[in-house]
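So the protein lines, in turn, are chains R and Y.
Mind the numbering: the first sequence is residues 202 to 976 in my numbering, read in order.
Mind the numbering: the second sequence is residues 12 to 178 in my numbering, read in order.
All residues carry an ideal CB built from backbone N, CA and C; glycine is no exception.
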Amino acid sequence: MQYVGQRIRRQRDERILRGQGEYIGDIQKPGMVHLAFVRSPYAHARIIDIDTNACRRIPGVIAVFTGEDVTCGPLPLLFPYPSLEAVTQTPLSREVHHVGEPVAVVVALTRYQAEDGVAAVQVQYDPLAAVVGMGQALELTAPPVHSHRTSNRAATIVQCVGTAQAVMDEAPVVVELEMAMGRVSCLPMETRGLLAQWQVFHGQEILQVYAATQTPHMMQRLYAQLFNISEQQIRVQAPDVGGAFGAKEPFYVEDFLVAWVARQMGRPVLWIEDRAEHLMTAVHERAQHHKAAMGLTRDGKILSVVDQFVADTGAYVPWGVIVPIITSTLIPGPYKVPHYRCDGTVVYTNTTPLAPYRGAGRPQAALVINRLLDKAAAQLNLDPFTIRRRNLIMPEEFPYDTGLLSREGTPMVLDSGNYPALMETLEQAGEYHGWRERQRTTLSTAHPIGIGIAVGIENTGMGPHEGATVTIGLDGNITVATGAASQGQGHETTLAQIAADIFHVSVDQVHIVEGDTAAIAYGTGTFASRTAVVAGSAVQLAGEMLQQKLLRLAGHLLEAHPDDLVVAGGSVSVRGVPTRSLTFKDLALRASGPFPGSTFTLPVEPGLSASAFFTPSGATYAAGAHMAVVQIDRETGQIRVIGYTAVHDSGTLINPQIVDGQLHGGIAAGLGTALLEEMVFDEQGQVVTGTLMDYLVPTAVDVPDLTVCHLSTPSPLNPLGIKGVGESGAIASPAALLAAIEDALRMTPVVESLPVRPMTVRHLLTESRKGEEFA
Amino acid sequence: MEIDLKERVSYTLQINDRTYAVEDVEPRLLLADVLRDFLGLTGTHLGCEHGACGACTVLADGRPIRSCLTLGVGAKGLALQTVEGLAPNDGPLSRLQDAFWEEHGLQCGFCTSGMLMTATFFLREHPKPSRKEIREALSGNLCRCTGYQNIVNAIERSAQDLGENYS
């Protein structure tokens with residue numbers, strides 16, 4: 202049986218279902234102490250004095266550290282960009298730039314006592330003027346977000362294809378759009394957490410870190426740089442991680458401080474973030490404000506798109522300005538836009554820093570282009586499917602050169618896809634015409650139905666690399682070590698499916714080791730919908746290498762040509778002569794070498810193991826077409842999502858059940874972005890939505906039953922034809938939901954900001970009534 | 012009011028039909044922390060510590076409670092059940108757990124224990140639920156991975172299996 206393509210249940214689940222998962226908060230080490238942070242209540246302030254005397258008298262408190270104790274400069278910049286004037290965070294800085302920034306560290310025997318200690322630390326602040334909101338940041342009279350800088354501008358981003366403005370000026374039809382997207386929190390159900398300990402081995406310091414992280418190898422590299430030790434002295438392990446969605450991707454000051462404190466204390470130190478800290482300090486995303494225009498022919502063909510936007514990066518740039526860069530390159534999306542100009546300005550504010558959250562700038566891009574098309578469709582009296590079909594990149598046009606430059610300055614080429622087929626399937630699977638029929642009778646009622654569609658693409662499977670070491674052990678089973686790290690995506694199953702197919706063994710005989718820097722020397726991590734593509738390809742390449750080695754060894758021992766050998770059931774045998782056979786166990790033992798002191802005579806290198814890296818030449822583009830159906834209550838403004846269909850092209854599917862799950866989660870995230878979630882700050886930069894009672898994430902009642910369909914256009918850029926999927930569901934969903942709301946209310950133009958909540962609908966209905974009265 | 016942080020208490024808890032001694036601890040300890048840090052029952056997870064996310068849900072006398080809003084000492088005399096009590100260690104999974112596995116009702120698994128406990132209670136009260144009823148029953152348990160669909164499917168499947176077994 203071939204495993205790739207099969208819905209098989211996941212290998213790790215039984216352990217989790219029994220309550221035997223091992224998450225960061227479950228780990229205890231002898232002598233372990235607990236750390237808690239004193240955090241700034243001000244969005245911008247200078248620290249005058251920190252009095253730790255009362256704290257030190259709290260029972261259980263054993264140490265307190267402030268900025269005077271730590272001599273670490275700003276964290277390294279993670280994603281440089283030519284126009285970026287980067288300010289990264291400094292651990293326990295004397296000037297704080299957002300609410301929640303750590304100013305002191307308390308270490309105690311228990312977490313309760315550490316928090317008692319935090320409450321007893323007295324910090325005297327000199328509050329400075331805070332900048333909150335992108336608009337304010339760019340005003341000439343705006344105070345500086347960072348005292349040492351005069352401007353609040355972090356970077357400018359320009360994309361240019363053709364002569365967009367000139368073409369726009371001549372276009373027969375022009376539509377305009379303004380769209381402000383609210384800021385959201387990644388909000389994994391498990392918060393961040395870290396356990397660090399230093400030990401001495403052979404006279405050398407060894408740092409061991411357990412971290413709820415997406416990027417163990419990156420953490421290892423940064424610790425090496427920050428502590429000025431070799432990465433060989435550092436082991437970072439990600440235990441079971443309870444979701445991440447971007448929140449566990451950057452390297453935070455807390456990551457440095459926990460390890461630094463552990464070194465001072467000479468004992469294991471654990472920090473578990475609480476939910477309030479998470480909402481205040483783990484990265485946010487989405488916040489952008491766009492003004493865009495689209496020029497079209499009278500029959501609805503796009504001539505030109507011009508977009509100007511401001512993106513908030515908060516107080517720092519934890520992952521460069523990758524989010525607005527992605528937005529700027531993906532606005533054209535699946536559509537042919539012959540002339541395109543995008544000018545983005547990234548600003549600092551005294552708020553929580555922003556960095557990729559599931560979708561990472563792409564939902565914003567999909568909103569801009571799809572909303573522009575909807576406006577044009579309304580003006581030209583075209584069906585939303587029709588106007589899209591007239592502008593999609595056609596299957597025969599791949600590889601399609603967008604004329605844009607990717608984040609690294611290389612041409613941005615879409616590798617493969619079949620967008621018209623996505624639309625076709627969506628129209629049928631989503632029962633578009635049935636819903637239109639049903640809608641007609643509701644439009645004049647108190648509960649009108651609306652239908653919205655959107656198409657989005659996603660550049661997935663980015664580099665630089667991921668490796669795999671595939672080993673057949675002395676038990677005859679296969680172990681695969683990769684640099685990826687799982688936060689619930691099911692790699693332990695999908696990567697095992699790939700390896701099982703190469704060796705024709707049961708998937709249960711493959712064990713995946715990931716999230717451990719000791720398992721493989723170099724790695725990148727799990728983000729940007731990249732693991733199935735990059736780590737999956739590495740498993741394929743290393744597996745094929747090991748297969749060759751296995752055959753060479755077995756051929757030598759069985760005195761047969763490798764072409765005459767068959768691999769099946771954990772054995773290698775001569776074709777047609779099943780008795781001339783060696784098991785994987787036998788072969789692994791032989792390959793490990795004869796008795797110590799004897800001569801190794803086999804024609805292969807010792808050990809049944811092979812390693813390979815996959816270094817993708819470029820991104821592979823996944824695509825999704827979504828249709829949302831909503832029902833509005835005109836009286837209360839309530840928005841109910843009553844139907845949802847998504848059709849996705851994720852290339853070759855390794856495990857369709859897992860792909861479905863990824864899409865379900867992504868769509869729910871998009872629903873949150875569109876209808877519920879917003880991190881709100883007041884004028885002083887205080888977090889208003891600091892609990893899960895204020896910050897609303899979708900519940901089981903908010904998300905409808907979802908219909909998910911797949912089309913597969915295999916990618917030519919990797920051996921298995923895989924495209925990434927982790928973020929895909931979150932990309933087109935906000936645009937489809939907004940379109941549905943507008944469709945129900947039959948008002949254009951309307952929705953100009955996200956999220957759209959009942960009060961927004963109420964406001965829009967009131968405004969439109971006013972308009973009618975004046976008309 | 013001055014609180015004496017040095018005060019210590021000892022008590023016993025009934026968990027999964029076993030008696031556990033909690034000795035010489037601070038009285039302010041929350042039930043979730045007692046379970047996790049003192050009794051090694053780390054299957055109960057803490058997602059928000061303010062009663063909003065439901066990850067820490069356990070059953071007390073058969074009814075779901077938030078173990079992050081309950082003092083450990085306050086759980087004396089209650090029959091508690093945690094995720095570890097749903098299936099014997101060396102035995103098969105419960106029907107509900109197995110349905111979660113089959114239907115891919117978990118991804119990161121962090122909310123799963125709370126979901127299982129809530130659903131265990133719910134299915135006892137509603138052996139033949141509609142999908143709408145299932146969704147309403149889950150509305151106090153947040154999940155960020157699954158979009159809930161496969162969790163609803165799992166609970167529905169578990170209920171159907173239950174129905175078949177009774178008929």
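Against chain Y, the CB of Y558 of chain R has no partner CB under 8 Å away; the residue lies outside that interface. A Cβ-Cβ separation of about 6 Å places I942 of chain R in contact with V957 of chain R under the 8 Å criterion. Burial is judged here by how many other beta carbons sit within 10 angstroms of a residue's own beta carbon; R947 of chain R has fewer than 16 and is exposed. T961 of chain R has its alpha-carbon roughly 42 Å from the corresponding atom of R211 of chain R. Neighbourhood of K17 of chain Y in chain R, by CB distance below 7 Å: P260, in chain order. According to DSSP, G657 of chain R shares a beta bridge with R:G825. The residues D702, in chain order, have a CB closer than 8 Å to that of Q203 of chain R in the same chain once the five nearest residues on each side in sequence are set aside.
The three-state secondary structure of G844 of chain R, taken from DSSP, is strand.
The alpha-carbon separation between A86 of chain Y and H418 of chain R amounts to approximately 43 Å. Using a Cβ-Cβ cut-off of 8 Å, D717 of chain R does not count as an interface residue toward chain Y, since no Cβ of chain Y sits closer than that to its own. In summary, the residues of the region 113-128 of chain Y whose CB is separated from some CB of chain R by less than 8 Å are E113, H115, L117, Q118, C119, G120, F121, C122, T123, S124 and L127, in the order they occur in the chain. Under the three-state reduction of DSSP, K750 of chain R is assigned to helix. Within chain R, the residues whose beta carbon sits less than 7 Å from that of Q108 of chain Y are L218, listed in sequence order.
V656 of chain R and T853 of chain R have their C-alpha atoms spaced approximately 20 Å apart. Distance between Y896 of chain R and A130 of chain Y, taken at the CA atoms: about 25 Å. The DSSP-derived three-state label of I868 of chain R is helix.
Taken through DSSP and simplified to helix, strand or coil, M663 of chain R comes out as coil.
Leaving aside the five residues that flank W472 of chain R on each side, the residues in its chain whose CB is nearer than 7 Å to its CB run, in chain order, L236, G394, L395, E455 and V459.
No Cβ of chain Y is located within less than 8 Å of the beta carbon of V881 of chain R. For M420 of chain R, the secondary structure class from DSSP, reduced to helix, strand or coil, is helix. For E215 of chain R, a Cβ of chain Y is located within less than 8 Å of the residue's own Cβ.
The beta-carbon separation of V234 of chain R and V308 of chain R, rounded to 5 Å, stays under the 8 Å limit for a contact. With respect to the 8 Å criterion, E486 of chain R and V524 of chain R are classified as neighbours on the basis of their beta carbons.
According to the DSSP assignment, R590 of chain R belongs to the alpha helix (DSSP H) that extends over P585 to R590. Rounded to whole angstroms, the gap between the alpha carbons of A43 of chain Y and I228 of chain R is 15 Å. Excluding residues up to 5 positions away in sequence, G668, T670, A682 and G684 lie with their Cβ nearer than 6 Å to the Cβ of I721 of chain R in the same chain. Across the structure, I248 of chain R and Q489 of chain R are spaced so that their CA atoms are roughly 31 Å apart. Restricting attention to R:P275, R:E215 and R:V437, the CA atom closest to the CA of T725 of chain R is found in R:V437. Chain Y has a Cβ within less than 8 Å of the Cβ of L907 of chain R. Counted as a single uninterrupted DSSP element, the beta strand (DSSP E) harbouring Q92 of chain Y occupies residues A90 to Q92. With fewer than 16 other Cβ atoms from the protein chains shown falling within 10 Å of its own Cβ, D250 of chain R counts as exposed. For G744 of chain R, the closest alpha carbon among the candidates R:M828, R:I699 and R:L783 is that of R:I699. Each residue's CA atom was taken as its position, placing K230 of chain R and T718 of chain R some 20 Å apart. For P303 of chain R, no alpha helix (DSSP H) run applies; the uninterrupted beta strand (DSSP E) run containing it begins and ends at P303 to A309, by DSSP.
In summary, E928 of chain R is buried, with 16 or more beta-carbon neighbours lying within 10 Å of its beta-carbon over all protein chains present. In this structure P795 of chain R is exposed. Its beta-carbon is surrounded by fewer than 16 other beta-carbon atoms within 10 angstroms.
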